[in-house]
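A.B. asks:
Numbering (the numbering used here), first residue to last: 2 to 327.
1) In the segment 15-49, which residue ranges form an unbroken beta strand (DSSP E) of at least 3 residues, counting only runs that do not cross its ends?
2) Of the residues 281, 205 and 79, which one's Cα is nearest the Cα of residue 231?
3) DSSP beta-bridge partners for residue 290?
4) State the start and end residues of the unbroken beta strand (DSSP E) segment that holds residue 105.
5) To the nearest angstrom, report how far apart residue 117 and residue 124 are at their CA atoms.
6) How would you write the range of the alpha helix (DSSP H) that residue 161 sits in, first residue to last?
7) Let me know the secondary structure DSSP gives residue 54 once reduced to three states.
8) In whole angstroms, give me the CA-to-CA distance for residue 190 and residue 275.
9) Which term fits residue 54, buried or exposed, when burial requires 16 or more other beta carbons within 10 angstroms of its beta carbon?
10) The alpha helix (DSSP H) that contains residue 84, what's its start and end?
11) What are the start and end residues of the beta strand (DSSP E) that includes residue 7?
12) Identify, in the order they occur along the chain, each residue of the same chain with its Cβ nearer than 6 Å to the Cβ of residue 280, setting aside the five sequence neighbours on each side.
13) Report the rounded CA-to-CA distance for residue 229 versus residue 45, giving the unit in angstroms.
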């Protein structure tokens, strides 16, 4: 514990609601245990540019309710090179930084793992991504808020669909993982859910929609994850129109709307728990771990394992239920 005197915190990759709650927890926990806390703006780019600044308790006042990240985030191709990582480490060393807390997704974790392994600097990682696709945690920061945002949109679109007897195709984020689509689709009562993990034939989708129409269903909503094998909502809608033309169809792309907004109470508490746990783990001498939540208990997973050791899978009961309840 005595070796760690100055901890730096940064966010990287896509922003996610709850990141600010985590930053707040890291800063205040570090200060409580007698450490200096440094903020790094714009992630790995900030390390290379020396975009460091000291943080105190006042620095993180009134930020829990804010979406996004007060530390900003940016892509940094230079950090992927050995020269870029060396420059980042030299800047950290010059600033007297002893350890890092990284908040982000698998790309953030990969960078943190390499930096720690190559230069022997302790790092702890917090999963901040709305996709909820990291091994080692039941929930990632931002997933709950993003799903609630999608459900709210579905409810609003349902009003219009019912009023005009329309078929709506709603595309949600999820290039490689269909977590948002699956849970929001179930909670929003979607007639069909299309996921990257499960290939859905257009003919099967049409059969589902026609069966609903025969049962006097006046409107339908299909949720499509952007990574669905059929190519997204516009492509699916076009393929359906080519085979049947009696549906009045509309397409809605929710896009980056899902990333923003005030975090839910769940994400505020999750971010606080994970930030708190990350600092305490560093002070215990642990490194290259991801803080996670399993069964409502804080857990730790080796970074290498979290990044590539296991394939993330959707819950089988939810997959089965999505079809039966629709």
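Ideal Cβ placement from N, Cα and C applies to all residues, glycine included.
For clarity, every value in this text was computed on a predicted model and none was experimentally measured.
C.D. replies: By the coordinates alone:
1) 37-41
2) The residue you call residue 231 lines up with position 230 of the chain shown. Selected option, being the one with the closest Cα: 205.
3) On the chain shown, residue 290 is found 289 positions in, with the first residue counted as 1. Answer is 125 and 303.
4) Here the question's residue 105 lines up with position 104 in the chain shown. Start and end: 100-105.
5) Numbered from 1 along the chain shown, position 116 holds the residue referred to as residue 117. Numbered from 1 along the chain shown, position 123 holds the residue referred to as residue 124. Distance between the alpha carbons of residue 117 and residue 124 is about 6 Å.
6) As a first step, residue 161 is located in the chain shown; it is residue number 160 there, counting from the start. Note, residue 161: alpha helix (DSSP H), 144-165.
7) Position 53 of the chain shown, counted from the first residue, corresponds to residue 54. Of the three classes helix, strand and coil, the one that applies to residue 54 here is strand, per DSSP.
8) The residue labelled residue 190 in the question sits at position 189 within the chain shown. The residue labelled residue 275 in the question sits at position 274 within the chain shown. Straight-line Cα distance between these residues: approximately 32 Å.
9) As a working mapping, residue 54 is identified with position 53 in the chain shown. Exposed, because fewer than 16 other Cβ atoms sit within 10 Å of the Cβ of residue 54.
10) As a first step, residue 84 must be located in the chain shown, where it is residue number 83. Residues 83-95.
11) Against the chain shown, residue 7 aligns to sequence position 6. From DSSP, the beta strand (DSSP E) with residue 7 extends over 7-12.
12) Walking along the chain shown from the start, residue 280 turns up at place 279. These residues qualify, in order along the chain: 27, 30 and 31.
13) Taking the chain shown and counting its residues from 1, the one referred to as residue 229 is at position 228. Taking the chain shown and counting its residues from 1, the one referred to as residue 45 is at position 44. Going from the Cα of residue 229 to the Cα of residue 45 covers about 31 Å.
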